[in-house]
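Below: the structure, in structure tokens.
Residue numbers (the working numbering): 54 to 261.
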């Protein structure tokens with residue numbers, strides 16, 4: 054059966070995960086989850102309890118892994134060309150996560166100007182090494198992205214004696230309880246069809 058991985062979304066900018074253009078993708082950050090998650094597993098991000106963000110009891114996104122790929126394939130797939138960032142474009146264009154490419158397996162990774170480069174657009178080695186250390190992208194066409202406008206997580210999914218979906222910062226956890234996961238998915242489905250439901254928190258804060 055499917056497993057569920059939960060973690061705290063410390064920076065909700067539309068970059069990781071990237072919920073745009075019909076797919077929710079996790080191509081950067083969270084190397085442990087990107088390495089471990091399999092098709093049909095669920096990845097759930099909850100809000101940060103940081104005082105400036107105050108989203109510690111809210112859901113940010115939930116994505117069912119429907120496909121996985123590597124960075125070179127992700128870069129070359131025409132479905133994801135629009136996820137290549139345009140830093141001078143719209144907010145949606147600027148937060149693209151399709152940022153890694155190279156000419157062959159023996160070449161070094163190159164990095165597009167993005168949220169993971171230096172401010173001047175130059176390559177940022179620590180991000181390159183961390184991101185590409187797990188050459189795997191998680192892809193979902195069955196996802197709910199609420200961003201900074203997500204609902205509070207119901208009490209039945211906050212029961213510490215069973216499983217508290219809200220993690221502490223830096224924590225991540227895997228759940229294998231089929232009944233719990235089915236109940237959680239049932240709650241998600243009450244929102245309607247999968248898709249994009251709210252703006253990233255960074256946008257919400259910028260817009261006031």
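Cβ atoms here follow ideal geometry from the backbone N, Cα and C, with glycine treated the same way.
*If you follow the alpha helix (DSSP H) that residue 128 is part of, which residue opens it and which one closes it?*
Position 75 of the chain shown, counting from 1, holds the residue named residue 128. Segment 124 to 129, the alpha helix (DSSP H) holding residue 128.
*Sort 108, 126, 232, 228 by Cα distance to residue 89 and report the nearest one.*
Looking up residue 89 in the chain shown gives position 36. Checked all of 108, 126, 232, 228; the closest Cα to residue 89 is 228.
_Rounded separation between residue 210 and residue 161 - CA only_ = Start at 1 with the first residue of the chain shown, and residue 210 comes out as number 157. Start at 1 with the first residue of the chain shown, and residue 161 comes out as number 108. Between residue 210 and residue 161, the C-alpha separation is close to 43 Å.
*Under three-state DSSP, which class holds residue 169?*
Counting from 1 along the chain shown, the entry for residue 169 is found at position 116. Correct three-state label for residue 169: coil.
*Helix, strand or coil: which one does DSSP assign to residue 201?*
As a working mapping, residue 201 is identified with position 148 in the chain shown. Note: residue 201 maps to helix in three-state DSSP.
*Go through its chain and collect everything with a Cβ distance to residue 73's Cβ below 6 Å, but skip five positions before and after it.*
Taking the first residue of the chain shown as position 1, residue 73 is located at position 20. Contacts found: 145.
*Quick one: any contact between the segment 58 to 67 and the segment 173 to 190, if contact means 3 or more CB pairs under 8 Å?*
no
*Evaluate contact between the segment 230 to 250 and the segment 193 to 204, counting only Cβ atoms and requiring at least three cross-stretch pairs below 8 Å.*
yes
*CB-CB under 7 Å to residue 55, same chain, minus the five flanking residues each way: which ones, in chain order?*
By 1-based counting over the chain shown, the position of residue 55 is 2. For residue 55, where only same-chain residues beyond five positions count, the Cβ hits under 7 Å are 93, 94, 95, 234.
*Just the C-alpha distance for residue 70 and residue 164, rounded to the nearest angstrom, thanks.*
Counted from its first residue, the chain shown places residue 70 at position 17. Counted from its first residue, the chain shown places residue 164 at position 111. Their backbone Cα atoms lie some 18 Å apart in a straight line.
*Unbroken alpha helix (DSSP H) run spanning residue 239, endpoints*: Walking along the chain shown from the start, residue 239 turns up at place 186. 231 to 242 is the extent of the alpha helix (DSSP H) around residue 239.
*To the nearest angstrom, report how far apart residue 125 and residue 172 are at their CA atoms.*
On the chain shown, residue 125 is found 72 positions in, with the first residue counted as 1. On the chain shown, residue 172 is found 119 positions in, with the first residue counted as 1. Taking the straight line joining both Cα atoms gives about 24 Å.
_Could you pull the DSSP bridge partners for residue 54 from this structure?_
As a position in the chain shown, residue 54 is number 1, starting the count at 1. Answer is none; residue 54 lacks a bridge partner.
*Expressed to the nearest angstrom, what Euclidean distance is found between the alpha-carbon atoms of residue 189 and residue 75?*
Against the chain shown, residue 189 aligns to sequence position 136. Against the chain shown, residue 75 aligns to sequence position 22. Answer to the nearest angstrom: the Cα atoms are 19 Å apart.
*Starting from residue 99 and walking both ways along the beta strand (DSSP E), at which residues does that stretch end?*
Counting from one through the chain shown, the residue named residue 99 turns up at place 46. From DSSP, the beta strand (DSSP E) with residue 99 extends over 95 to 99.
*Over the uninterrupted alpha helix (DSSP H) stretch that includes residue 185, give me the two end residues.*
Here residue 185 refers to the residue found at position 132 when the chain shown is read from its first residue. That run of the alpha helix (DSSP H) goes 178 to 185.
*If you draw a straight line from the alpha carbon of residue 183 to that of residue 86, how long is it in whole angstroms?*
Your numbering for residue 183 matches position 130 in the chain shown. Your numbering for residue 86 matches position 33 in the chain shown. For residue 183 and residue 86, the distance between alpha carbons rounds to 13 Å.
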